[in-house]
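Numbering (my numbering), first residue to last: 8 to 593. Beta carbons are placed, not taken as given, at the ideal position from N, Cα and C, and that holds for glycine. Step one of this worksheet: look at the structure below.
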């Protein structure tokens, strides 16, 4: 619920669910009767640093007598949108709901927006997550649960049967919390089996609610509007949240969202657990969070996420690599609380475990475009090769329009970040795809080229009105970490749809879906006379894979073992006439 407050020249509109507001009110004696009112007074007297004092999700617009400011919690559980207007415009600057109208942008959760009253344009102040600390994960989880309890009222736990919700159930039972559990899904879904097992093992009350597929499908247009998306994954997960809250008969419900991102819940996160966890936490705001509060907002229910408490986040970020691998820390706590058998349970993602992944007609993206035409506009980093075009195709299949492309042209051949592109040919790709292109020269020197890349992304994002960046990174942590950092500084969402995919499977899929050729080789086992200029068909892809196994190089060429150029793909209106003898020196 949006609250409005005014005092003197200051005003604020806010949606907030602050868990420590009564404690802060006791310390400051403002006379506040809600978390929103408490935050209003804190901002009036302390300015933006007051945001670091509160615990819980919020989104707000605050006017301090000089300029309006927009902010949200750093995880991004609550949302606020803005559009830039002339300083003398009467048009509203912000909204708490997504809009189909062009010109609206979702505020990045780790930026505070300030709009001048006298000049056009806005400025941004960066924020960050809590720094990693060493601590007792069980104790901070208990504290997070306790602070989110509505006194002695009963709460509902959304129990999927996985280790995350099972651990919450075990801790809440140990704390003697007054709670019950519910599980929703289609008839016969696997979540029912797992949740039943957890409930019987822990002796906790559980209700299973079966959803008719036709009822679920009829709800899809409403979910698209609430989420502001036609991304099939978001809509399917949003359906889980919607029906769970619909069947919830307590004012407050608990969700187990968080450990997948914080503590190594995805299979791809085993190589560099800390980096992967940071990226997942950074991207939660545009991937998973829209399927939470925005979905239940009209129902008047309160959804709370103990794992995303700031102290839990800080302790999770301070865990060892071992503890961040395969959610080892969560599993160990569950075992320590007396449920070692449940600690080893695996689980499908929410949309699969609940069965909601089965209800959308195929192709899912095309069906959903009827209810929300397009998602956030993206900017693609391209070099002309198969990886960047595979990433573009992956995002367009999810209804993310690629509004523009950036091609970096290094002055030297041994760039750390970029394939040396043939710019004229990439211009032909841009023409064939109908996607505008920005070419930016760079020195190619390590780290200095990143300054050029950031400037190019900023320029292109403004020029093409893009809100996110998509790259073809597969396994290069050097490349992805630097793109992630740039997006974080610029307030853009970061998308790496190929990340962690099996290199052999990726090469096979590329050979099946695109017409591309090898333009250079730099690995033992790859002879230039044999491979340069050679089209990669499904048959030649198998040859490459066999050589990669023999000579121990990456079969997707991720390490620069070979570079490629795409001559045709489903996004092109025409094939590009690439002639090796013309473009490749002998």
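query = Would residue 20 pass as a contact of residue 68 if the rule is Cβ separation under 8 angstroms?
reply = Contact: yes.
request  = Measure the beta-carbon distance from residue 193 to residue 228 and round it to whole angstroms, keeping in mind my assumption that it falls under 8 angstroms.
outcome  = The distance from the Cβ of residue 193 to that of residue 228 is about 19 angstroms, inconsistent with a contact at the 8 angstroms cut-off.
key: Range of the contiguous beta strand (DSSP E) that encloses residue 214   = Start and end: 213 to 217.
query = So is residue 244 buried or exposed if we call it buried at 16+ other beta carbons inside 10 Å?
reply = Residue 244 counts as buried, since no fewer than 16 other beta carbons sit within 10 angstroms of its beta carbon.
Closest residue to residue 27 among 54, 156, 71 (Cα-Cα distance) = Closest by alpha carbon: 156.
key: N-terminal and C-terminal residue of the alpha helix (DSSP H) that residue 244 is part of   = First-last of the alpha helix (DSSP H) with residue 244: 239 to 254.
query = Touch check for the segment 449 to 458 and the segment 405 to 419: three-plus C-beta pairs under 8 angstroms?
reply = Counting Cβ pairs under 8 angstroms, three or more are found: they touch.
key: 6 angstroms CB neighbourhood of residue 530 in its chain, flanking five on each side removed   = Excluding residues up to 5 positions away in sequence, 560, 568 lie with their Cβ nearer than 6 angstroms to the Cβ of residue 530 in the same chain.
query = Apart from the five residues just before and just after residue 580, which ones in its own chain have a Cβ nearer than 6 angstroms to its Cβ?
reply = Counting only residues of its own chain and dropping the five nearest sequence neighbours on each side, residue 580 has a CB closer than 6 angstroms to the CB of 439.
task = Please determine, among 134, 261, 179, 149, the residue with the shortest C-alpha to C-alpha distance to residue 190.
result = Comparing Cα-Cα distances from residue 190 to each of 134, 261, 179, 149, the minimum goes to 261.
inquiry  = Quick check on this structure: which residue in 563, 523, 535, 528 has the alpha carbon closest to the alpha carbon of residue 583?
reply    = Distances from the alpha-carbon of residue 583 to those of 563, 523, 535, 528 put 523 closest.
query = Could you give the residue range of the beta strand (DSSP E) that holds residue 597?
reply = The structure shown has nothing for residue 597, since the chain only spans 8 to 593.
request  = Check whether the Cβ atoms of residue 392 and residue 436 sit closer than 8 angstroms, and answer yes or no.
outcome  = Not in contact: residue 392 and residue 436 (Cβ atoms no closer than 8 angstroms).
First through last residue of the beta strand (DSSP E) which encompasses residue 257 = Run containing residue 257: none; DSSP gives neither H nor E here.
message = Taking a contact to mean a Cβ-Cβ separation below 8 angstroms, would you say residue 397 touches residue 389 in this structure?
response = No.
query = What residue from 242, 533, 470, 167 has the CA that sits closest to residue 406's CA?
reply = Ranking 242, 533, 470, 167 by CA distance to the CA of residue 406 puts 242 first.
query = In terms of residue numbering, what span does the beta strand (DSSP E) encompassing residue 381 cover?
reply = Careful: residue 381 lies outside any beta strand (DSSP E) and carries neither H nor E.
query = How many Å lie between residue 84 and residue 65 at the Cα?
reply = Going from the Cα of residue 84 to the Cα of residue 65 covers about 8 angstroms.
ask   = Nearest-angstrom Cα distance between residue 592 and residue 535?
value = Caution applies to residue 592, whose pLDDT of 40 falls short of 50 and renders its modelled position unreliable; the model cannot decide the point.
message = Does residue 133 come out as helix, strand or coil in the three-state DSSP assignment?
response = Residue 133 falls in the strand class under three-state DSSP.
task = Apply the 10 Å Cβ neighbour rule to residue 210 and answer buried if 16 or more other Cβ atoms are within range, or exposed otherwise.
result = Under this definition residue 210 is an exposed residue.
inquiry  = Which residue wins for smallest C-alpha separation from residue 138, given the options 275, 321, 585?
reply    = If we check each option's Cα against that of residue 138, 321 comes out closest.
key: First through last residue of the beta strand (DSSP E) which encompasses residue 502   = From DSSP, the beta strand (DSSP E) with residue 502 extends over 500 to 502.
Boundaries of the alpha helix (DSSP H) in which residue 177 is found, first to last residue = Per DSSP, residue 177 belongs to the alpha helix (DSSP H) from 170 to 181.
ask   = Would the beta-carbon of residue 137 be found less than 7 angstroms away from any heavy atom of the ligand NAD?
value = With respect to small molecules bound, the structure shown includes none, and the ligand NAD cannot be examined in it.
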